[in-house]
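Just below is one structure, and these are the notes that go with it.
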Amino acid sequence: MKKLLLLAPVLLFAIAECTARLYYGLGDPPLSDADADMDYIFRPNQRCRRFGNAVNYNNLSMRMDEDVDPADARERVFVVGDSVVNGGSLTDQKDLATTLLQGAMPGRLVCNVSAGSWGPGNYAAYFRRHPGLVRSGDVLVVEASTHDLWEDDPREGAGSIVGTLSFPSKRPWCALWEGYERYFRPRFLSSGSVRNRKVDAQPSQDEKNRLAAFNLAQLDYVYSLPAKKKVLILHRTRAEAKEAMAGGRLSGASAEGERALVSHARERGVDVAFAELNPDEDYRDTIHPNESGQYRLFEAIRRAVGQ
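Quick note: the sequence shown uses this note's numbering, first residue 1, plus one each step.
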């Protein structure tokens with residue numbers, strides 16, 4: 001009887017640990033590496049399962065199943081962006097706009113170049129790291145939101161987020177511990193609210209001017225890549241989508257950011273399209289698309305590239 005009492009906690013822990021790993025996918029997060037130019041990048045060649053969702057990264061750290069072979073002659077469609085395109089751990093690989101686009105474009109290779117909080121500086125650095133990746137017969141689609149005009153320079157404090165709860169660089173020793181530290185404690189035991197550094201940041205006007213100049217210069221580099229077709233897809237936050245639905249146009253900083261990004265793209269011969277998500281149906285939170293939102297993003301990209 002004493003042995004059973006001593007074994008009971010061990011058995012309960014083992015059952016709970018197996019449940020956390022096999023049912024919830026804890027203990028196997030996508031891992032990140034610090035980078036001096038990109039801030040951080042997801043580690044290549046990962047196959048993870050989180051909350052029942054497949055989260056895969058190929059040989060070039062793109063969120064896609066298929067590796068990119070330099071000798072592959074297929075036309076490549078690059079969809080570039082942040083967590084909206086990436087989808088995060090709450091979006092299954094099959095539900096991503098880029099996966100849906102791949103299914104609609106047989107004979108082409110759709111490449112998802114994205115990571116959470118990435119902006120123009122991040123993906124410009126990615127393409128500088130991989131010269132020749134975009135070829136003259138390819139298509140380039142850049143997803144951006146109004147606040148990307150003032151996104152941080154990724155070289156400032158590069159890699160500082162790697163190793164944090166949201167961007168782990170190594171496997172947690174225990175799935176239950178990861179569940180407690182990463183999800184339970186921040187939501188239920190920490191004081192204050194979690195801020196989104198991209199949406200909530202309020203820089204001074206001088207800082208906004210500096211960041212705007214930096215990000216537009218990075219977009220200049222991305223738009224200069226030798227793709228045969230280039231498209232800017234504007235993705236609005238839920239609040240912006242509601243404002244646009246009610247009045248037909250945005251106001252304040254949102255309007256300023258959108259005007260600057262749109263005019264900058266059009267002046268360089270880049271087509272502009274809007275994702276047009278429904279604020280009541282297509283968002284998981286304040287900015288990220290849910291499954292139906294990813295489908296609307298897919299439809300917007302497909303129309304924009306003429307498929």
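Just so you know, even glycine gets a beta-carbon here, dropped at the ideal spot from N, CA and C.
With DSSP collapsed to three states, give me the class of residue i.
| i | result |
| --- | --- |
| R155 | coil |
| N112 | strand |
| E299 | helix |
| A253 | helix |
| Y57 | strand |
| P289 | strand |
| E66 | coil |
| F127 | helix |
| Y23 | coil |
| T89 | Note on residue identity: the sequence assigns Ser, not Thr, to residue 89. Note: S89 maps to coil in three-state DSSP. |
Are the beta-carbon atoms of residue i and residue j separated by less than 8 Å?
| i | j | result |
| --- | --- | --- |
| P168 | P29 | yes |
| R296 | D285 | no |
| Y350 | R63 | No answer is possible for residue 350: it lies beyond the span of the chain, which begins at 1 and ends at 307. |
| A260 | L140 | no |
| I233 | A175 | no |
| R155 | A36 | yes |
| E243 | S251 | yes |
| G27 | R238 | no |
| E66 | R108 | no |
| V134 | L225 | yes |
Leaving out the 5 sequence neighbours to the left and right, which residues in its chain are closer than 6 Å to residue i when beta-carbon positions are compared?
| i | result |
| --- | --- |
| V262 | V272 |
| R197 | Its pLDDT being 46, under 50, R197 is placed unreliably by the model, and the measurement read from it follows with that caveat. Here the set comprises nothing. |
For residue i, does the count of other Cβ atoms within 10 angstroms reach 16, so buried, or fall short, so exposed?
| i | result |
| --- | --- |
| C18 | exposed |
| W118 | buried |
| Q205 | exposed |
| E267 | exposed |
Strictly by DSSP, which residues pair up with residue i?
| i | result |
| --- | --- |
| G81 | S114 |
| C48 | V55 |
| L140 | F78, K230 |
| S160 | DSSP output for S160 lists no bridge partner at all. |
Less than 8 Å between C-beta atoms, sequence neighbours within five positions excluded: which residues of the same chain meet that for residue i?
| i | result |
| --- | --- |
| G157 | D39 |
Enumerate in chain order the residues of its own chain whose CB-to-CB distance from residue i is below 7 Å, with the five nearest sequence positions on each side excluded.
| i | result |
| --- | --- |
| V199 | Per-residue confidence for V199 stands at a pLDDT of 48, beneath the threshold of 50, marking its modelled position as unreliable; no derived number is given. |
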